[in-house]
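Taking it in order: structure first as structure tokens, then the write-up.
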Ligand SMILES: [Zn+2]
């Protein structure tokens, strides 16, 4: 049960769905309270989706996983040599 006095947290977005083996433009938020980047949103211009289920973005400061907010399929896909 929750009480009316509870602060209403901002709901976390549903995690983005990735197709495997493609590049996405991803935004991610640092959810580590002790980090200087806490609640900052970062954009990753080229994020590879790996097998589609193991997409992770790390904070350069605290090294924790960041929460993925959005993912936009790159079209065209970047050429990778
Ligand atoms: Zn951090």
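Residue numbers (the working numbering): 271 to 351.
C-beta atoms are modelled at their ideal positions from N, C-alpha and C, and glycine is treated no differently.
Report task. On a CA-only basis, which of 325, 315, 277 is nearest residue 287? Give me that one, please. Result -> Looking at the Cα atoms, 325 is the closest of the given residues.
Query raised in the report: At a cut-off of 6 angstroms, is residue 302 close to ligand 1 when judged by its beta-carbon and the heavy atoms of the ligand?
Result: True, at least one ligand heavy atom lies under 6 angstroms from that Cβ.
**Report entry** Rounded separation between residue 348 and residue 317 - CA only
**Finding:** In this structure, the alpha-carbon of residue 348 lies about 10 angstroms from that of residue 317.
Requested in this report: Would you mind working out which of 320, 328, 293 sits nearest residue 299, comparing C-alpha positions?
Outcome: Looking at the Cα atoms, 328 is the closest of the given residues.
Report task. Express the C-alpha separation of residue 293 and residue 346 in angstroms, rounding to a whole number. Result -> Rounded to the nearest whole angstrom, the CA to CA distance from residue 346 to residue 293 is 9 angstroms.
Query raised in the report: Between residue 303 and residue 330, what straight-line distance do the alpha-carbon atoms span, to the nearest angstrom?
Result: Residue 303 and residue 330: Cα-Cα distance of roughly 15 angstroms.
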